[in-house]
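Quick mapping for you: the protein sequence lines, in order, are chains A and B. Residues in the first sequence are numbered from 0 upward in steps of one, following numbering that gives the first Met the number 0. Residues in the second sequence are numbered from 0 upward in steps of one, following numbering that gives the first Met the number 0.
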Amino acid sequence: MLYFSKLKLVTLYSIIVIFCLFTLLNFINNDNNFLLSKKVNLGLDLQGGSYLLLEVDSSPVIKEKIQNKLLLLRKILKENKIKYKKLKINKNYINFIIQEKDIDNFSSSFNKKDYAFNPFYTQYNSNEMEYSIDGNLVKINYTKFGLIEIKKTTLEQSLEIVRRRIDETGTKEPTIVRRGNDRILIELPGLNDPNRIKKLLGKTANLTFRLVSNNEDSFGAEMLSYENDTGTLSVNKRVILRGDSLDNATPSFDNQNNSAIVNFSLDRIGAKKFAKATTENIGRRLAIVLDNKIISAPVIRDAILGGSGQISGNFTFQSATDLALLLRSGALPAPLTIIEERTVGPDLGEDSIKAGSLSLLIGFLLVIIYMIFKYRVLGLIANIALITNLMILIGILTILEATLTLPGIAGIILTVGMAVDANVLIFERIKEEMKTEKTNIHAFDMGYKKAQSAVLDANITTLISSLILFFLGSGPVKGFAVTLGIGIITTLFTVYFLARHLSSFYVMKNKERIIII
Amino acid sequence: MIFNLSKNFNFHQYYKKLNLLSLIFIILSVFILSYNGLNLGVDFKGGTLIEIRTEDTNVNISKIRRSFLNMDLGDVTVKNFGNKNDYLIKIEMMNSDNEEFVSLIHDKLSLDLDSEVNFRRVEKVGPKVSAELLNDGLLAITLALAAMLFYIWIRFEWQFSLAAIAAIIHDVIITMGVFSFFSYEINLSIVAALLTIVGYSMNDTVVIFDRIRENLKKYSKIPISEISNNSTNQTLSRTLITSTTTLLALISIYLFGGAILKGFSFAMILGVIVGTYSSIFVATPILNYTKVNSNTIVKEEI
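Next up, the structure:
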C-alpha cells in the first residue's frame, strides 16, 4: 500500500493544487469571468437578511373557478336536453337533481372531450372534474388532479407577481423560489427590516372601480368600509373596471391639495369602458376599491376620455409609491400568508462570522498541537493532510458556490476534530504492527491495510447521518450537513492519498531507524 | 504520555456496575423527560423569537420583562444572551395577522426602556411550519437510527446491530434527559447535534466491533468475553485520542463560537462523552450477553 505510480502522484498533486486555487478565489475580486467569479456564498445568518416562507391559499381561486363552471354546466345540460332542479354550489362542489331517465345521457355528455367544461389532462390521464350520482342527486367536484392543476397555476402566477413586486422595490439579489405545492420561499440578503416587503406581499391588490350605490341599481350593492376606517359606504357589486386594465401607475404629488396621489393610465379596452362609464354617470360617485376597502370615492365631474386618471386618498408619498407599485405589478390570484420569517441584522451576522472564524482557528490550532505532541513527525504529516483537507473542502464549496452558514462553520470545525480520526486509526494500527513486524515498511503497509475497514465503516456512519440531515434538515442546518458530508469525503481523500504518500516517503527514507510514534 | 495506559485494562469487571448505572441514568432521563418535558424552542412550538441589544448597557432585565407584561402578549420569556446588554425574548403567542407586530414591539420597548433597542434577530414560526419541523426532526432521527441499524446488519451481524442501536438510544435518551433537566432549549441545531451524536457514537462503536470481528476470525477458540476485552484494549488509545481531538474542536466552538452555537456545542460535547462511554460499556458487553462467537461471523463469510 505504500507504492505510488508516477501518474497517480501527478494526478493527486494536481487535484490538490486545483482545489486549493479555487479556495483562493474567495480572496480575490474577479467578477467578469464565469469560472473565476466563483465564491462561497454567505448564508443569511452570516451576512444578515430576511427569510420569508409564504403560503398560497388557493381556496378562493377554487371557489371562483367553480362559480365560472356553473355557466358552462347550464349550457351543457341545456344542449343535451337534460332537465335539472336545485342547481347550486356547496363549498367546493356543484349539486343538482336530475330525472332518472337522464342519468345515462348526463354521464355520456359529461366526459366529452370537446367541451371546455371538463378538460382532459393527458399528463395525469385524468379529467379536471368528476361526478357522482346518489339517487337523483348529482355532485360534481374537482378531481385530485384538477385541484393539483389549480394549485400549480395559482402558485406559478403568485410567484410571478411576488417576483415583480420584490424586483420593483429594488432589493438586491433576492431569491424567490417555489417550495412544494403551495409555498414560496423568499430570501432577501442584506435586508434588515422586511416590514415594507411584508406589507407589499400581504395585499392581494385587487383593484376595482365601482359606482357608489344610489339604491336604484338592480345589480345589488354591498357595504364596504374605508381603508382608514373612517366609515362605510354602500357600493355597487357591478365592477366597471378592474386593476388588470391598468397599463401603468406612478406616484405623484398634487400641488393644489398638497398631497400624494397615484397617476394611472389604462389600456385601450379599459380606456373605452372607463370613458363610457364616466360619460353616463356624471355627477355620481365612483368608488376606488382595493381588496374590498374603499380608498376614495370621488364625484365624477367630467367624462374621462383620455384613458388616464388619478387616485387620491390619504396618502403619504411612501404609501402612494407602494400603491403604484402594487398596481403596476398586478394582483395576486390568491392571498398569501407568511408562515415563517427569520431576519438577522447585519451586525449579528458580522459577530457570528468573527466568532465562527475565531473558534475555527482555535479548534484547528488545538488539534494540530495535540497531533504533533502525540505523533511527532507522523503528526506533522497528519496536520499537512488536515490543512490540505480544509483547503480542498473550501475549494469544493467554492466550486459548488455553496452557502456557508454558522452551523456550516461548526460542521467544518467538527470535520477538523474528526478528520484526524482516520489518521489516528492508521497510526495506532501501525504502532501495533511494529511490535510484530520486522521492518518499518512492513509495519506501515500492514497498518494501512488493516485499518482500512475500520476507517471506512467509521466514516460511512457519519456520512449516513449527514445525508439524512441534508435531505430532511432546513435552512442553516442544511449548511451543517453539507460541510460535514463533503468534509468526510475530503478527509478520506487526503488521508488515503496525501498522508499515505507522505508517510511512505518518510518511512522509506528511514528504513533502518526506529520510528517513534 | 497521557493515554498510554496499561494495555490490559480489565473492562469486564466493570460491566455489571456500569450497566446498572446506565440503566439508572436512562430511567432517570425518561422520568425527567416525562415529568419536565422538553423545552421546545420557537422552531418546534411556533411563536416569535427576538434577540435584542440595548444601547444603554445598564438596562435592567426586569425592566424589559415589565415592558412586555404591559404589552399583554401572553407567555413571554426574557433572558440574558451572550453579552451583558444582549437579551433573547421568546413570545409564545403567534400574531400572524399583524405584519407590524414586530415593529410595534420595537417601538414600545424603545419607549419603555428609554434607549434605542437594536433587533438583531427575529424568528417567527407559524404553527403549521413548527409542526412540520418537529415531524421532520423526529423523522430524521428515526431514519438515521434505522439506516445505522441496517448498515451494521449488512456489514456485521444482527447481534452487533442490536448492540450498536442500544448504545445510540442510550446516548440520545441521556442527552435529551440532560437537556430536559436543565430546561435547555431544543431547536433545529440541537436536532442536528443529536444526529451527529448518532453518527459519532456509531463511528466509535464500529471501530471496536471491527476489531472484535477481526479477532473472532483469528482466534476461534477464545471466548467472546476475552476477545471483546482485548479488542477494546487494542482500540482504546484510538478511541481516546479521537474523542480528545473532537472535544478540543467542540470546546473551542463552545467557548468562542458565540451564543448561538452554545446549545449545539454543549449537546455535542455531552454526546461525544456519553457516546465514547457507551461504545465501551454498553455496546461491547451486549455482544457478550448475546453470546457472539466465531461461528456467528464465519457462517456469513463462506
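We treat Cβ as the ideally placed atom computed from N, Cα and C, and that holds for glycine.
- Take A:Ile96, set aside five residues on each side of it, and the residues of its chain with a beta-carbon closer than 8 angstroms to its own are Tyr83, Lys84, Lys85, Asn135, Leu136 and Val137, in chain order.
- A:Leu364: member of the alpha helix (DSSP H) spanning Pro345 to Ile398, first to last residue.
- If you keep only unbroken alpha helix (DSSP H) runs of at least 4 residues inside the segment 184-227 of chain B, you get 187-217.
- A residue is called buried when at least 16 other Cβ atoms come within 10 angstroms of its Cβ; B:Pro284 meets this threshold and is buried.
- Using a Cβ-Cβ distance cut-off of 8 angstroms, the segment 313-324 of chain A and the segment 207-219 of chain B are not in contact, since fewer than three pairs of beta carbons, one from each stretch, lie closer than that value.
- By the beta-carbon neighbour count (other beta carbons within 10 angstroms, threshold 16), A:Ser212 is buried.
- Sequence-distant partners of A:Leu396 (beyond 5 residues in either direction) whose C-beta falls short of 6 angstroms from its own C-beta, in its chain, are Val39.
- Three or more Cβ pairs closer than 8 angstroms define a contact, and the segment 436-449 of chain A falls short of that threshold against the segment 120-136 of chain B.
- Taking a Cβ-Cβ threshold of 8 angstroms, the residues of chain A close to B:Phe263 are Pro406 and Ala409, in chain order.
- Taking 4 residues as the minimum length, the alpha helix (DSSP H) runs contained wholly in the segment 52-139 of chain B are 60-70 and 100-112, in order along the chain.
- In the DSSP assignment, A:Glu186 falls within the beta strand (DSSP E) that extends over Arg182 to Pro188.
- In the assembly as shown, A:Met507 is an exposed residue. Its beta-carbon has fewer than 16 other beta-carbons within 10 Å.
- Closer than 8 angstroms at the C-beta level to chain B, one finds these residues of the segment 437-458 of chain A: Lys449, Ser452, Ala453, Asp456, Ala457 and Asn458.
- Shown here, B:Val291 sits in coil according to DSSP, grouped into three states, outside any helix or strand.
- Cβ atoms of A:Gly407 and A:Phe479 come within 8 angstroms of each other, at about 6 angstroms.
- Within the segment 303-351 of chain A, the complete beta strand (DSSP E) segments at least 3 residues long are 307-314 and 335-343, listed from N- to C-terminus.
- Residues of chain A whose Cβ lies closer than 7 angstroms to the Cβ of B:Ser188 are, in chain order, Pro406 and Val476.
- Taken through DSSP and simplified to helix, strand or coil, A:Ile412 comes out as helix.
- Taking C-alpha positions only, A:Gly269 is separated from A:Asp301 by approximately 17 angstroms.
- Interface flag for B:Ile259 against chain A is set, since a Cβ pair is found closer than 8 angstroms.
- Looking from the CA of B:Ile63, the closest CA among B:Asp111, B:Thr243 and B:Ile268 belongs to B:Asp111.
- According to the DSSP assignment, A:Thr174 belongs to the beta strand (DSSP E) that extends over Thr174 to Arg178.
- Neighbours of B:Asn202 in chain A, taken as residues at a C-beta separation under 7 angstroms, are given in chain order as Ala457, Thr460 and Thr461.
- Around the C-beta of A:Glu127, 16 or more other C-beta atoms lie within 10 Å, and the residue is accordingly described as buried.
- Between B:Phe159 and B:Leu286, the C-beta spacing is below 8 angstroms.
- The CB of A:Ser358 comes closer than 7 angstroms to the CB of Ser251, Ile252, Phe255 and Gly256 in chain B, given here in chain order.
- Residue-level contact check: A:Ala354 touches chain B, since one or more beta carbons of chain B fall below 8 angstroms from its beta carbon.
- At least 8 angstroms separates the CB of B:Val171 from every CB of chain A.
- Non-local C-beta neighbours of A:Tyr2 in its own chain, meaning closer than 8 angstroms and more than five positions away in sequence, comprise Ser503, ordered along the chain.
- Here the alpha carbons of B:Leu144 and B:Ile172 stand approximately 13 angstroms from one another.
- B:Gly270 has a beta carbon lying at 8 angstroms or more from every beta carbon in chain A.
- Within the DSSP bridge table, the entry for A:Glu226 names no partner.
- Excluding sequence positions up to five before and after B:Leu246, its CB lies within less than 7 angstroms of the CB of Ile268 and Val271, all in the same chain and listed in chain order.
- Looking at the backbone, the Cα of A:Gly378 and that of B:Phe180 are separated by about 40 angstroms.
- Considering only B:Lys89, B:Met175, B:Ile90 and B:Phe100, the residue with the shortest C-alpha distance to B:Leu137 is B:Met175.
- Scanning its chain for C-beta atoms nearer than 6 angstroms, with the 5 sequence neighbours on each side dropped, one finds around B:Thr47 the residues Ile90 and Lys123, in chain order.
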